[in-house]
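Only one structure is covered here, and it is reproduced in the block below.
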Amino acid sequence: MNPEFILGLVLLLGGTIAAAFPVPKTYLNRLINLEISAWGLLLLMLSYNEALALLTFGGVSALSVYIFVRVIQKKEAPA
Amino acid sequence: MQEGWIAVNNIALMAFGALAIIGALLTIVERDPFRKLISLGILVGGSVPFIVDRGLLDVAIAVALIAPLSTIFILMVCGRGDQ
Amino acid sequence: MTPQEAALAVCAVIAVYAAIRVALEPDTLRKLPFLNVLSFAVAGSIALLIPHPLSIVAAAAYFVGSTLESNAIASTYAGGLDRRE
Amino acid sequence: MDSILPAFARILVAAAVCWLNFILIDLFFRLPAGGGVVGATAIGTHIERGGGAIHGGYMMGNIVSSPDASAGTLLASCGVYIAGIPGGLLATFLVFIGNRICHDRGYAGTTGAITATFIVWGFSQIGFSPAEFIAGMVIAILTIQGISHRHSSRLLAYLWKVREG
Chain A
1079 MNPEFILGLV
1089 LLLGGTIAAA
1099 FPVPKTYLNR
1109 LINLEISAWG
1119 LLLLMLSYNE
1129 ALALLTFGGV
1139 SALSVYIFVR
1149 VIQKKEAPA
Chain B
77 MQEGWIAVNN
87 IALMAFGALA
97 IIGALLTIVE
107 RDPFRKLISL
117 GILVGGSVPF
127 IVDRGLLDVA
137 IAVALIAPLS
147 TIFILMVCGR
157 GDQ
Chain C
24 MTPQEAALAV
34 CAVIAVYAAI
44 RVALEPDTLR
54 KLPFLNVLSF
64 AVAGSIALLI
74 PHPLSIVAAA
84 AYFVGSTLES
94 NAIASTYAGG
104 LDRRE
Chain D
29 MDSILPAFAR
39 ILVAAAVCWL
49 NFILIDLFFR
59 LPAGGGVVGA
69 TAIGTHIERG
79 GGAIHGGYMM
89 GNIVSSPDAS
99 AGTLLASCGV
109 YIAGIPGGLL
119 ATFLVFIGNR
129 ICHDRGYAGT
139 TGAITATFIV
149 WGFSQIGFSP
159 AEFIAGMVIA
169 ILTIQGISHR
179 HSSRLLAYLW
189 KVREG
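Chains as they are written, first to last, in my numbering: chain A, 1079 to 1157; chain B, 77 to 159; chain C, 24 to 108; chain D, 29 to 193.
Below, the structure written as structure tokens:
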């Protein structure tokens, strides 16, 4: 139980709840709150000392944010 | 002296953990997207020293360069703020 | 108390102070100078935590990334995306 | 080797040296004249709206949105702390690359990093530690950007008026 583990769990749970129930209920707020839980998962992986997993997760997380952004742009565009 | 060094390191890491908690709470509480992204910057600043303290410096470099990239991606959805 | 410990303590205290000032500032664009103070403090403590040659690169990468983020937020807030898009 | 001054007094001396270094170089490269990018101009306007002076606001906006002499001083102190003079020159190169990424010419940051490298190295020969200069630079940027935007922007505008003559 090192500090990274506890901090990661707190961030993961808080970010997930905040992404499920965002206060102004927009897609953008859900996406930003999802970033909190992404950082919590990164700290959780850090507590197991997995360097390769951290690198891969960082890259894939940025890629998935880009895909979400494209989806939101297509959804909110005036048809 | 060695114990003193470890103790100061631990106190500094507690401060950075507090930084991450402040950033996460602020990101959840704020309502404007720009203010949420600035608070996310506080969260990143609190998390990177934990990666450095483990000795994973290459991971820290990659993460510190990828985090602003995803912020810029999110900014593509935000319109301009109220002047 | 060695110089490294004193410097690390100063950096950590200033980082927490800057975060509290960011939380209390009402104007959105005037939050960014406080965020800049925070990234100075974090970049300094990255170099102070582990004295290894690669940590210069880590501190510079963190600092440049944070500056780029502030720049993009300020440009988008001021009026439309800049030419980076 | 033990110096007469205690650690925190030496940190304050280092803060004064770093403050003079980066303020003089930023004034020399005309940072308060105007915003370099759109975001810097917007930050200056908001600071003026909050009761500050416009030229000080431009300079604070430029410090926020591109690595200038203050960032050069900090990273050069980190480099000298870790690896001596070569570390400082490596930090200078990284600051130059960072300036290029942020759409800036990059003269202020590079010059500040080079002068700071030799200043910090010189002070480390007479009993100061480079770690104290890292903390000193953080305190120096705190006095400009983090205490009160109104008063620091007025101080910077006054210095800019003095430099303009």
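Note that beta-carbon positions come from the ideal geometry of N, C-alpha and C, so glycine has one too.
Closer than 8 angstroms to chain C by CB, residue i
i      : result
D:V190 : no
B:V153 : no
B:R107 : no
B:M100 : Correcting the residue identity first, residue 100 of chain B is Ala in this sequence and not Met. It does not: the Cβ of B:A100 has no partner Cβ on chain C nearer than 8 angstroms.
D:M88  : yes
D:S176 : no
B:F149 : no
D:S94  : yes
D:Q173 : yes
D:A211 : The structure shown does not extend to residue 211 of chain D, since chain D is modelled only from 29 to 193, so the question has no answer here.
D:G78  : yes
D:G126 : yes
D:F36  : yes
Selected residue, minimal CA-CA separation from residue i, among the options
i       : options                            : result
A:L1085 : B:S146, B:F92, B:T103, B:R111      : B:F92
C:A84   : D:I147, D:R182, D:T139, D:V123     : D:V123
D:R128  : C:V65, C:S62, C:V87                : C:V87
A:G1092 : B:S123, B:V124, B:I148, B:L101     : B:L101
C:V33   : C:I43, C:L71, C:L55, C:D50         : C:L71
D:D96   : D:V108, D:G67, D:I51, D:I154       : D:I51
D:G64   : D:M87, D:Q173, D:G126, D:S181      : D:M87
B:R111  : C:S62, C:V60, C:G67, C:L47         : C:L47
B:P144  : B:I118, B:I127, B:A96, B:F126      : B:I118
D:A35   : D:F156, D:A68, D:T73, D:P60        : D:F156
D:S2    : D:G78, D:I172, D:R191, D:D132      : Given a span of 29 to 193 for chain D in the structure shown, any question on residue 2 of chain D remains unanswerable.
D:A180  : D:A37, D:H74, D:I71, D:G85         : Checking the sequence, you will find Ser at residue 180 of chain D rather than Ala. The shortest Cα separation from D:S180 among D:A37, D:H74, D:I71, D:G85 belongs to D:G85.
C:Q27   : C:L61, C:A42, C:Y40, C:I69         : C:I69
C:N94   : C:G67, C:R44, C:L55                : C:L55
A:T1134 : B:A138, B:V128, B:I127, B:D129     : B:A138
D:G79   : D:A37, D:S176, D:I91, D:T69        : D:S176
C:I37   : C:P49, C:F57, C:A97                : C:F57
A:V1147 : A:Y1105, A:L1124, A:F1083, A:L1087 : A:Y1105
D:A194  : D:H74, D:P60, D:Q153, D:R38        : One cannot answer for residue 194 of chain D here, as it falls past the ends of chain D, which runs 29 to 193.
D:G126  : C:I96, C:E92, C:A97                : C:E92
A:G1137 : B:I114, B:S146, B:A88              : B:S146
Min CB distance residue i to chain D below 8 angstroms
i      : result
C:L72  : no
C:A46  : no
C:Y85  : no
C:D105 : Model confidence at C:D105 stands at a pLDDT of 45, short of 50, so the residue's coordinates are unreliable; what they give is reported in the following sentence. Yes - at least one Cβ of chain D is within 8 angstroms of the one on C:D105.
Below-8 angstroms beta-carbon distance, residue i vs any chain B residue
i       : result
A:L1132 : yes
C:G67   : no
C:V60   : no
A:V1149 : no
A:L1124 : yes
A:L1089 : yes
A:V1138 : no
A:A1173 : The requested residue 1173 of chain A does not occur in the structure, where chain A is confined to residues 1079 to 1157.
Test: residue i CB closer than 8 angstroms to a CB of chain E
i      : result
B:T103 : Considering every chain present, this structure includes no chain E. Its protein chains are A, B, C and D.
Min CB distance residue i to chain A below 8 angstroms
i      : result
B:I142 : yes
B:L116 : yes
B:S146 : yes
Task: Short-range partners of chain B found in the region 1101–1122 of chain A, where Cβ spacing is below 9 angstroms - done: V1101, P1102, T1104, Y1105, L1106, N1107, L1109, I1110, N1111, E1113, I1114, A1116, W1117, G1118, L1120, L1121
Open item on the list: With three or more beta-carbon pairs closer than 8 angstroms as the criterion, would you say the region 50–60 of chain D touches the region 105–112 of chain D?
Closed with: no
Open item on the list: When you compare the region 118–132 of chain D with the region 73–93 of chain C, are there three or more beta-carbon pairs, one atom per stretch, that lie closer than 8 angstroms?
Closed with: yes
Open item on the list: Residues of the region 27–54 of chain C in Cβ contact with chain B at a cutoff of 8 angstroms, in chain order, please.
Closed with: Q27, E28, L31, A32, C34, A35, V36, A38, V39, A42, I43, V45, A46, T51, K54
- [ ] Could you pull out every unbroken alpha helix (DSSP H) segment of at least 4 residues lying fully inside the region 96–153 of chain D, listed in chain order?
- [x] 97–129, 135–152
Open item on the list: Taking contact to mean 3 or more Cβ pairs, one atom from each stretch, closer than 8 angstroms, check whether the region 40–54 of chain D and the region 160–167 of chain D are in contact.
Closed with: yes
Open item on the list: Pairs of beta-carbons, one from the region 1088–1097 of chain A and one from the region 1105–1122 of chain A, closer than 8 angstroms: are there three or more?
Closed with: yes
Open item on the list: Count Cβ pairs between the region 130–141 of chain B and the region 1126–1137 of chain A that sit closer than 8 angstroms; are there 3 or more?
Closed with: yes
Open item on the list: With three or more beta-carbon pairs closer than 8 angstroms as the criterion, would you say the region 135–155 of chain D touches the region 139–154 of chain B?
Closed with: no
Open item on the list: To be precise: take each residue of the region 85–97 of chain B, compare its Cβ to all Cβ atoms of chain A, and keep it if any distance is under 9 angstroms. Which residues remain?
Closed with: N86, L89, M90, G93, A96, I97
Open item on the list: Check whether the region 89–104 of chain D and the region 181–193 of chain D are in contact - that is, three or more C-beta pairs closer than 8 angstroms.
Closed with: no
Task: chain A contacts made by the region 127–138 of chain B, where a contact means CB separation under 7 angstroms - done: I127, R130, L132, V135, A138
- [ ] Please go through the region 55–98 of chain C and give each complete alpha helix (DSSP H) segment of 4 or more residues, from N-terminal end onward.
- [x] none
Open item on the list: Using a Cβ-Cβ cutoff of 8 angstroms, what residues of the region 106–120 of chain D are near chain C? List them in chain order.
Closed with: C106, G107, Y109, I110, A111, G115, L118, A119
TODO: Taking a Cβ distance cut-off of 8 angstroms, strictly less, list which residues of the region 65–76 of chain D are near chain C, in chain order.
DONE: V65, V66, G67, A68, T69, A70, I71, H74, I75
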